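Report on the following structure.
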Amino acid sequence: MTSTAAYLLIYQPGQKTPLHTADQPLESNENWHNCIKQLLETSPLIKQASLNIVLPGSQYQLFVADKPDVTEDELASAIKYAAADYINVPLDDVVTEYFDIPVQQHGQNKINLVVANKRFVQMVIKECNQKCNLLNRITIDELAYEDLFLSDNDASLLVVHHPDEQLLLQIVKEGKIYFFRRVRGYDKIDTFAELEIKHGAADGLSLEIQRSLDYFESQLRQPPVKRIYISIQNKHEKQLIDQIGENFDVPVLPLKNRLADELPDSDNHAYFPAIGAVQELLNPQPQGNGVAK
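So for the sequence shown, this note's numbering puts the first residue at 2; every next one is plus one.
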């Protein structure tokens, strides 16, 4: 899901291309229930399916937080109370989960803290349990994109965007998120005209990318990334990628090229996190990161 629509891909185990593809626009933020209900009714195959859900960016927040100094048995409860320092809604209105940071700066003990809208998560669980065979996992964009790189030993930097959401930069390596940040000022980059890309957006994004690369190498003391992947739903995406590519020595590539074998018959980039989320069902791995498990 994105903040403007819900998307469904159904795969047959052992096959890369989806059996069924569907999308359902969101009419209003108060109408998520109908949006999800209608989407899940687009195919009878859903009754036999195991389902992984990606929460829309409007329904969760991701923070880097201090890890509470408690035992593992007390951690889940302590993390929920720690979330109070980062949100301005009652704790009873949210669900919390966390996943580890693989490399810490010296002297730090941090975690990635996920805080999601409790009512939304409960609605999703109820609707999916009524329609599908098994609700396997609820996750978030950052982890869904991470799952596209489970088999990569080298680091890659991703630049991804959904309409009406902040731009996401993250670095993934060996199936783990080493770094992420949301970048303000690009919420409408999907609508940018050619001149806006040529005379500002490409260089501005290049600067944000370079800052992220510098942090990864100097602060986390990691080898340089090997590739930069970009996914921005804009008809001038190729120009944007080409211009950014002129500023770096590593390949700058469309993310869709990496997913060519698994893409539905659609050029909608919003399907990309769904492809990531389904990887653990199609290609089982040791238990990884999840949210609201």
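The beta carbon of each residue, even a glycine, is placed where N, CA and C say it ideally should be.
Model, not experiment: these values are computed from the prediction.
- With at least 16 other beta carbons inside 10 angstroms of its own, residue 160 counts as buried.
- Rounded to the nearest whole angstrom, the CA to CA distance from residue 76 to residue 63 is 17 Å.
- Residue nearest to residue 235 within the set 193, 104, 229 is 193 (criterion: CA-CA distance).
- Of the candidates 79, 110, 174, 174 places its Cα closest to the Cα of residue 229.
- In this structure, the CA atom of residue 79 is about 21 Å from the CA atom of residue 122.
- Going by beta carbons, residue 117 and residue 56 fall inside the 8 Å limit.
- When the five nearest sequence neighbours on each side are left out, the beta carbons in the same chain lying within less than 6 Å of the beta carbon of residue 191 are those of 164, 234, 235, in order along the chain.
- No residue range can be given for residue 59, since it is assigned to no beta strand (DSSP E) and is classified by DSSP as neither H nor E.
- Between the beta-carbon of residue 216 and that of residue 249 there is about 15 Å, and that puts the pair past the 8 Å contact cut.
- Scanning its chain for C-beta atoms nearer than 7 Å, with the 5 sequence neighbours on each side dropped, one finds around residue 195 the residues 237, 240, in chain order.
- Judged by DSSP secondary structure, residue 242 falls within the alpha helix (DSSP H) whose first and last residues are 238–246.
- Straight through space, the alpha carbons of residue 50 and residue 102 are spaced by roughly 32 Å.
- Around residue 115, the same chain offers 61, 63, 97, 98, 99, 141, 292 as residues with beta carbons nearer than 7 Å, after the five sequence neighbours per side are excluded.
- When only Cα atoms are considered, residue 169 and residue 158 end up about 10 Å apart.
- Ranking 20, 18, 32, 16 by CA distance to the CA of residue 7 puts 32 first.
- Taking C-beta separations shorter than 7 Å and ignoring five residues to either side along the sequence, the partners of residue 85 in its chain run 92, following chain order.
- Using a Cβ distance threshold of 8 Å, residue 43 and residue 23 count as a contacting pair.
- Taken in chain order, the whole beta strand (DSSP E) runs of length 3 or more contained in the segment 82–150 are 95–101, 111–118, 135–140.
- One thing to note: residue 145 has its Cβ no nearer than 8 Å to the Cβ of residue 226.
- If you check the CB distance, residue 46 and residue 36 do not come in under 8 Å.
- Leaving aside the five residues that flank residue 266 on each side, the residues in its chain whose CB is nearer than 8 Å to its CB run, in chain order, 22.
- For residue 26, the enclosing beta strand (DSSP E) starts and ends at 21–26.
- Residue range 273–278 is occupied by the alpha helix (DSSP H) that includes residue 274.
- Around the beta carbon of residue 259, a 10 Å sphere encloses 16 or more other beta carbons of the protein chains shown; the residue is thus reported as buried.
- For residue 190, no beta strand (DSSP E) run applies, since DSSP gives it neither H nor E.
- In this structure, 81 is the residue among 197, 74, 81, 138 with its C-alpha nearest to the C-alpha of residue 66.
- Here residue 119 has 94, 95, 96 as same chain residues with Cβ atoms under 6 Å from its own Cβ, once five neighbours each way along the sequence are excluded.
- A Cβ-Cβ separation of about 5 Å places residue 148 in contact with residue 280 under the 8 Å criterion.
- Beta-bridge pairing by DSSP links residue 213 to no other residue.
- Around the Cβ of residue 166, a 10 Å sphere holds 16 or more other Cβ atoms; the residue is buried.
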